Amino acid sequence: MIHKFIQPQRTLSPHHHHAGHIAWQCPSNIALIKYWGKRPGQLPENASISFTLSEARTETKVSYTPRNESSQWIDFRFDGTSSEAFAQRIESYFAGLTDYFPFITQLAFSIDSMNTFPHSSGIASSASAMSALAMCLCDIEQRIWPEAEMDLQKASFIARLGSGSASRSIYPSLAVWGKSDAVEGSSDEYAIPYTDVHPIYRTFHDDVLIVSALKKSVSSSAGHALMQSNPYADSRYQQARDNMKRLIEIMRTDDLHQWGQIIESEALSLHALMMCSDPSYILMKPETLTVIESLRNYRKAKQMPVFFTLDAGPNIHILYPHHIQDAVQEWMKDILTILPDACHCLRDRVGLGPSRIPLP
Ligand code: PMV
Numbered sequence: 012m013i014h015k016f017i018q019p020q021r022t023l024s025p026h027h028h029h030a031g032h033i034a035w036q037c038p039s040n041i042a043l044i045k046y047w048g049k050r051p052g053q054l055p056e057n058a059s060i061s062f063t064l065s066e067a068r069t070e071t072k073v074s075y076t077p078r079n080e081s082s083q084w085i086d087f088r089f090d091g092t093s094s095e096a097f098a099q100r101i102e103s104y105f106a107g108l109t110d111y112f113p114f115i116t117q118l119a120f121s122i123d124s125m126n127t128f129p130h131s132s133g134i135a136s137s138a139s140a141m142s143a144l145a146m147c148l149c150d151i152e153q154r155i156w157p158e159a160e161m162d163l164q165k166a167s168f169i170a171r172l173g174s175g176s177a178s179r180s181i182y183p184s185l186a187v188w189g190k191s192d193a194v195e196g197s198s199d200e201y202a203i204p205y206t207d208v209h210p211i212y213r214t215f216h217d218d219v220l221i222v223s224a225l226k227k228s229v230s231s232s233a234g235h236a237l238m239q240s241n242p243y244a245d246s247r248y249q250q251a252r253d254n255m256k257r258l259i260e261i262m263r264t265d266d267l268h269q270w271g272q273i274i275e276s277e278a279l280s281l282h283a284l285m286m287c288s289d290p291s292y293i294l295m296k297p298e299t300l301t302v303i304e305s306l307r308n309y310r311k312a313k314q315m316p317v318f319f320t321l322d323a324g325p326n327i328h329i330l331y332p333h334h335i336q337d338a339v340q341e342w343m344k345d346i347l348t349i350l351p352d353a354c355h356c357l358r359d360r361v362g363l364g365p366s367r368i369p370l371p
């Protein structure tokens, strides 16, 4: 628990009728240094840094009214369809937020959420979904207590309690979550915006090659839990800390080749950790390796600064600077011809962060 966000005085007085609606869209993000392994309280074992994306977003609308005995606390729809499973997850999430939003149990919420990226595209949506909810809650608080500034650090803190990686989706371009000696002001409790980078990174592309849209066999939370018994855990956390320091230095320059070496090593280390968990598991598909091999061959042959990273799943994020986009699209066309028909590419790029959706 972090003291500065605890606000016991923020309860609603019975004679005020607080009701309204609010909507936010929040992007997903892709980690360059990976968060994999956590301590109790959803605190990371190592610091991570990510690009905030642009096209892969969640849009969430929250209507709130005073809660009475007969009202349901939380009513949730995804893509217009009620989901009891999601509603339960949100209930337990909200129930854990009463120290930070004491008014939360005094309101009834009706929540509508949708993703801008295709259903079951294989893109993880917890980062965008939980950050959109956090922005809505902070905005509701600010409407009720207008003297409060919209505090992005609090929004990031609240998002983190929902999903660790969601803490980073609150800011434009790049964000750092987790205490690192290399980044002033960094914290395990919330993410901070990270701006000390060469301009080439602000317009970077991230095209996601979807090779499987099936639900993962092992969830991220199960994956984090398996790190506790992973024999390589301590050396992994040390490696991540060292990589973070090196990456922070490199990102002040446009030395993309050194950058890419760290990025790819992070992605493969993440999957190596899965392969040496007990029980072991593999989230990559044969197509994942086909794409990685083709990309590395292309990079070597054409001397192009194009690199990959992976999330906790089989899909490949292709990262490259804006000025080589035409060349990369040629490679993309070629690789798609040798992959199964269902494989496709979702083009994305570094984005501007969350924004409020105007409501009538
Ligand atoms: O936020 P979670 O618990 O879904 O974990 C995310 C883990 C990775 O996506 C693999 C890495 C990261 O830092 O986003």
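Using this note's numbering, read the sequence shown as starting at 12 and increasing by one per residue. C-beta: ideal position from N, C-alpha, C; glycine also. Bear in mind that the values here come from a model prediction, so they are computed numbers and not experimental data.
Starting from the C-beta of residue i, find all residues in its chain whose C-beta is less than 6 Å away, skip the five residues before and the five after it, and write them out in chain order.
i, result
"I17", "D110"
"A143", "W35, C37, T69 and T71"
"L306", "F319"
"A145", "A166, I169 and A170"
"L267", "P316"
"D90", "M125"
"L163", "I181"
"L118", "Y75 and R78"
"I274", "L43, F318 and T320"
"S39", "L64, A67, A138 and S139"
"L54", "D199"
"D265", "H209 and I211"
Am I right that residue i and residue j are in contact with their C-beta atoms under 8 Å? What's the rounded C-beta distance?
i, j, result
"I329", "T299", "Actually they are not in contact, since the Cβ atoms of I329 and T299 sit about 12 Å apart, beyond 8 Å."
"L294", "V208", "Between V208 and L294 the Cβ distance is about 29 Å, and since that is not below 8 Å, they are no contact."
"R252", "L284", "Contact flag wrong, Cβ pair sits at about 15 Å."
"Q336", "H216", "6 Å"
"S103", "S139", "Actually they do not touch by this definition, with Cβ atoms about 20 Å apart."
"I41", "D322", "7 Å"
"I134", "A58", "Actually they are not in contact, since the Cβ atoms of I134 and A58 sit about 24 Å apart, beyond 8 Å."
"A193", "P204", "Actually they do not touch by this definition, with Cβ atoms about 15 Å apart."
"S276", "N241", "At roughly 17 Å, the Cβ-Cβ gap does not stay under 8 Å, so S276 and N241 are not in contact."
"T22", "P113", "5 Å"
"H28", "P77", "6 Å"
"A177", "M141", "4 Å"
"C147", "V222", "About 33 Å separates the two Cβ atoms, so there is no contact after all."
"F10", "F87", "Residue 10 lies beyond the range of the chain shown here (12 to 371); nothing can be said about it."
"K227", "G324", "6 Å"
Is residue i close to the ligand PMV? I mean its beta-carbon at under 8 Å from any heavy atom of the ligand.
i, result
"D322", "yes"
"A145", "no"
"L258", "no"
"G175", "yes"
"S231", "yes"
"S305", "no"
"L281", "yes"
"K45", "yes"
"A383", "Lying before the first or after the last residue shown, residue 383 is absent from the chain, which here runs from 12 to 371."
"S61", "yes"
"H235", "yes"
"A138", "yes"
Once you ignore the five residues that flank residue i on each side, which residues in its own chain have a CB closer than 7 Å to its CB?
i, result
"R213", "S184 and V361"
"G31", "Y75 and R154"
"A244", "G48 and M238"
"M12", "For M12, the predicted model reports a pLDDT of 49, less than 50, meaning its position is unreliable and no value from the coordinates is stated."
"R310", "V317"
"S198", "K190"
Using only alpha-carbon positions, find the residue among the options that is nearest to residue i.
i, options, result
"P290", "A233, K256, D90 and W156", "A233"
"Y201", "E195, V194 and W188", "W188"
"P210", "D245, N126, N254 and H334", "H334"
"K256", "L64, P19, L43 and G324", "L43"
"D218", "P332, G107 and I122", "P332"
"Y46", "I33, S39, I85 and I60", "I60"
"M262", "N79, F62 and I115", "F62"
"L363", "R50, S65 and D199", "S65"
"E56", "I115, K227, S81 and Q249", "Q249"
"F128", "S366, P351 and R358", "R358"
"E95", "D123, E80 and T116", "D123"
"P51", "P325, G175, L347 and V339", "G175"
"Q269", "N254, S280 and E195", "N254"
"S366", "M343, H14 and I33", "I33"
"L225", "P369, F120 and C354", "C354"
"Q20", "I101, I115 and T92", "I115"
"E260", "N308, T206, M286 and L350", "T206"
Take residue i and list the residues in its own chain whose beta-carbon comes closer than 8 Å to its own, dropping the five residues that flank it on each side.
i, result
"M161", "C149, D150 and Q153"
"I303", "F319 and I327"
"S373", "The structure shown does not extend to residue 373, since the chain is modelled only from 12 to 371, so the question has no answer here."
"G196", "I203"
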